[in-house]
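First to last, the sequence lines map onto chains D and V.
Residue numbering for the first sequence follows my numbering, starting at 367 and increasing by one per position.
Residue numbering for the second sequence follows my numbering, starting at 15 and increasing by one per position.
What follows is a short report on a single structure.
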Amino acid sequence: AQSVTQPDIHITVSEGASLELRCNYSYGATPYLFWYVQSPGQGLQLLLKYFSGDTLVQGIKGFEAEFKRSQSSFNLRKPSVHWSDAAEYFCAVGSWAAGNKLTFGGGTRVLVKP
Amino acid sequence: ETGVTQSPTHLIKTRGQQVTLRCSSQSGHNTVSWYQQALGQGPQFIFQYYREEENGRGNFPPRFSGLQFPNYSSELNVNALELDDSALYLCASSTRTEGTGELFFGEGSRLTVL
């Protein structure tokens, strides 16, 4: 069965510092991988996605993620965090073969210190 | 393009009641998925509709049911509400084209069961 693990429930980072959020997945088929962001009381906004090809993926708001098949990981990074990046971040895995049904991790809440 | 819209945004029900949540999919999308997000958790897949047929279901009891209409909008119905049904219910639309598997989420309907 597929699963997604986000080991860090909370991360606190200073504004201007770098950020890395970890994601590990277990999936039988060739996965599609996603990172979504959710601000309080809001729905989910797609940050970036990996389907195939280049394993370093660029997204919106200055985020990037790297797919490492050997480690079953898809970690999200941002070189310099802004206060507006405070939110909850979800990693998700799915596949076209599975009809694009996504399995989400439990999320990582990011707090940004001034 | 028109995004995914959900209604109502908030509602309060009592145990044993029934609720209907509505979703209008993004223009050009023929697939609608519903997710339940309990407080502090990641979204969990309820079911998906494609061309008005249920196309996959997560680990939810039969009292969770749905419909998709010819215009691809959708309803989620929950009968015999329980306290644990309190959650944010997210609707997401997508297409069934390989390589374009991202879901576009609405802002959700927050259900409170008392």
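Beta carbons are placed, not taken as given, at the ideal position from N, Cα and C, and that holds for glycine.
For clarity, every value in this text was computed on a predicted model and none was experimentally measured.
### Query
What residues in the stretch 78–101 of chain V have a beta carbon less than 8 Å from any beta carbon of chain D?
none
### Task
Please determine if the stretch 417–435 of chain D and the stretch 15–35 of chain V are in contact, where contact requires at least 3 C-beta pairs separated by less than 8 Å.
no
### Message
Starting from residue 415 of chain D, trace the beta strand (DSSP E) in both directions and tell me its first and last residue.
### Response
Sequence index remark: in the first sequence, residue 415 of chain D carries index 49 (1-based). Unbroken beta strand (DSSP E) run through residue 415 of chain D: 411–416.
### Query
residue 51 of chain V: buried (16+ other C-beta within 10 angstroms of its C-beta) or exposed?
To locate residue 51 of chain V, count along the second sequence from 1; it is residue 37. Label assigned to residue 51 of chain V: buried.
### Message
Does chain V have any CB closer than 9 Å to the CB of residue 411 of chain D?
### Response
By 1-based counting over the first sequence, the position of residue 411 of chain D is 45. With 9 Å as the cut-off, residue 411 of chain D counts as an interface residue toward chain V.
### Message
At 3 residues or longer, what runs of the beta strand (DSSP E) sit wholly inside the stretch 46–87 of chain V?
### Response
58–64, 67–71 and 78–82
### Message
So, under 8 Å CB-CB, residue 381 of chain D and residue 442 of chain D are touching, yes? Tell me the CB distance rounded to an integer number of Å.
### Response
Within the first sequence, residue 381 of chain D is the residue found at index 15, counting from 1. Within the first sequence, residue 442 of chain D is the residue found at index 76, counting from 1. That pair is no contact at about 18 Å.
### residue 123 of chain V: contacting residues in chain D (beta-carbon distance under 9 Å)
Reading the second sequence from its first residue, position 109 is the one you call residue 123 of chain V. Those do not exist, as residue 123 of chain V stays about 10 Å from chain D at its closest Cβ, beyond 9 Å.
### Query
What does DSSP give as the partner residues of residue 422 of chain D in its beta bridges?
Counting from 1 along the first sequence, the entry for residue 422 of chain D is found at position 56. DSSP output for residue 422 of chain D lists D:432 as bridge partner(s).
### Message
Within a Cβ cutoff of 6 Å, which residues of the same chain sit near residue 475 of chain D, ignoring the five residues on either side of it in sequence?
### Response
On the first sequence, residue 475 of chain D is found 109 positions in, with the first residue counted as 1. The residues are 376 and 454.
#### Entry: residue 439 of chain D vs residue 393 of chain D beta-carbon contact at 9 Å
As a working mapping, residue 439 of chain D is identified with position 73 in the first sequence. As a working mapping, residue 393 of chain D is identified with position 27 in the first sequence. No.
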